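Peer 1: Per numbering that gives the first Met the number 0, the very first residue in the sequence shown carries number 0; after that it's consecutive. Ideal placement from N, C-alpha and C gives every residue a C-beta, glycine not left out. No experiment lies behind these values; they were computed from the predicted model shown.
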Amino acid sequence: MTNKLLDVQNLKVSFFTHAGEVKAVNDVSFSLDHGEVIGIVGESGSGKSVTSYSIIRLIDSPGKVKEGTIMFEGKNLLGLDEKAMQSVRGNEISMIFQDPMTSLNPVFKIGNQLVEAAMQHCDVNRKKAKEIALNMLKLVGIPSPEKRFDQYPHEFSGGMRQRAMIAMALTCDPKLLIADEPTTALDVTIQAQILELLKELKQKINMSIILITHDLGIISDLCDKVLVMYAGKIVEESLIDDIFYAPKHPYTLGLLRSIPKLNSEEHDRLIPIQGHPVDMLNPPAGCAFAPRCEHCMKICLAEYPPMFTISETHKAACWLLYEKD
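(1) The ligand MN and residue 156: does the residue's C-beta get closer than 7 Å to at least one heavy atom of that ligand?
(2) What are the residues that DSSP puts in a beta bridge with residue 8?
(3) Let me know the secondary structure DSSP gives residue 205 once reduced to three states.
(4) Pull up the distance between the alpha-carbon of residue 141 and that of residue 176, whole angstroms please.
(5) Which of the three DSSP states, helix, strand or coil, is assigned to residue 23?
(6) Residue 229 and residue 62 - do their beta-carbons sit closer together than 8 Å?
(7) Taking the C-alpha atoms as reference points, what is the distance between residue 324 and residue 318?
(8) Opposite residue 176 in the DSSP bridges: which residues?
(9) Measuring CA to CA, which of 214, 81, 21 and 206 is closest to residue 91?
(10) In the stretch 76-163, which residue ranges form an unbroken alpha helix (DSSP H) of at least 4 residues, counting only runs that do not cross its ends?
(11) Using 8 Å as the threshold, is the C-beta distance between residue 39 and residue 226 below it?
(12) Going by the beta-carbon positions, is the gap between residue 152 and residue 103 smaller than 8 Å?
(13) Check whether the Cβ atoms of residue 110 and residue 171 sit closer than 8 Å, and answer yes or no.
(14) Taking all protein chains shown into account, decide if residue 311 is buried (16 or more other Cβ within 10 angstroms of its Cβ) or exposed.
(15) If we call anything under 8 Å between Cβ atoms a contact, is residue 235 one with residue 251?
(16) What does the Cβ neighbour count give for residue 162, buried or exposed, with the cut at 16 atoms within 10 Å?
(17) Do the stretch 13-28 and the stretch 272-288 meet, that is, are 3 or more Cβ pairs less than 8 Å apart?
(18) Where does residue 294 land, buried or exposed, given buried means 16+ other C-beta within 10 angstroms?
(19) Once DSSP output is grouped into helix, strand and coil, what is the label at residue 47?
(20) Of all the alpha helix (DSSP H) runs that stay within the bounds of the stretch 266-313, which reach a length of 4 or more residues?
(21) Quick check on the DSSP output: what are the complete beta strand (DSSP E) runs of length 3 or more inside the stretch 204-258, in order along the chain?
(22) Is it buried or exposed, residue 105, if we count other Cβ atoms within 10 angstroms and call 16 or more buried?
(23) Spatial neighbours of residue 0 within its chain, please: CB distance less than 8 Å, with the 5 preceding and 5 following residues excluded, ordered by chain position.
(24) The beta strand (DSSP E) with residue 37 in it runs from where to where?
(25) Which value, in whole angstroms, describes the spacing of the CA atoms of residue 240 and residue 107?
(26) Let me make sure I understand the geometry here. Which of 136, 27, 289 and 125 has the alpha-carbon closest to that of residue 277?
(27) Starting from the C-beta of residue 139, find all residues in its chain whose C-beta is less than 7 Å away, skip the five residues before and the five after it, and write them out in chain order.
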């Protein structure tokens, strides 16, 4: 019997614009076990958020899932009708979006929004929904939940709004939580608090999490496994320690070199990744990272590398790993 909660295979998502087809996600495959935390890392435009939106079927026109399967507890989410999918969203899979102010309604009190979410997804009456809402506010560490229940989003700080969003996402005890850059708009102190909260919640309720971020530095203490994405593809996949201590793809190395380190000398400079992300309307024939790669070879420009197996838990798509017979 498999322990996989989520199994994504050969996912392809494109946006059909007046300028042409943008292949935002191009043949992505990965799986997630019960209670596991995966980090999806990459620059803006690498396909991280589109991958997560595809899982909960929130890709709107001109976007379209072209190919692939998304198996969640044995059922293909791409084959469900909208009514069946609505029972999955919120109940079994929840999502925290990047900016809580765009997800919380500014004219309704926080408590009312939590109650509505509970009534909609948990099929309970208003009294029970309020009880659930107060418990959720308490669970995510919001002080004086009874007082905060009757306040509006603008009366919350950025960190408190993000906690309220997490509370809403956890209302019906989902099996999978997708956190799409949940700390991007927050200062570093609040970032650390939100990440610590997610870590505590993982331990308390054994929830699986997909954490999407552009910053490798924030996933080290939370994730079990990391997927590094570039130009709509997974370029490296490994356990958390391998990414930091034995990275194999030049793009992963570039991301690591751009992270400030505590043991750096005073005048040490961060090393940025040179060049610009690839034009997704006209992707190159070979490796998309080749124009920015200091190790670029002829074959990199002509042919996309396969995913080479480094160990049972570590893979990377780079021609540097090719070994001649």
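Peer 2: Per the coordinate set shown:
(1) By its list of ligands, the structure shown contains no ligand whatsoever, and the ligand MN lies outside what it can speak to.
(2) 68
(3) coil
(4) 19 Å
(5) strand
(6) no
(7) Note that residue 324 has pLDDT 42, beneath the 50 cutoff, so the model's placement of it is unreliable and the number below is only indicative. Cα-Cα distance, rounded: 14 Å.
(8) 93 and 208
(9) 206
(10) 81-87, 99-102, 109-121, 125-138 and 144-148
(11) yes
(12) yes
(13) no
(14) exposed
(15) yes
(16) buried
(17) yes
(18) exposed
(19) helix
(20) 297-301
(21) 207-212, 224-229 and 232-238
(22) exposed
(23) Low per-residue confidence applies at residue 0: pLDDT is 40, beneath 50, and the placement is therefore not dependable, though the value from the model is reported in the following sentence. Around residue 0: no qualifying Cβ.
(24) 36-40
(25) 44 Å
(26) 289
(27) 162, 165, 166 and 196
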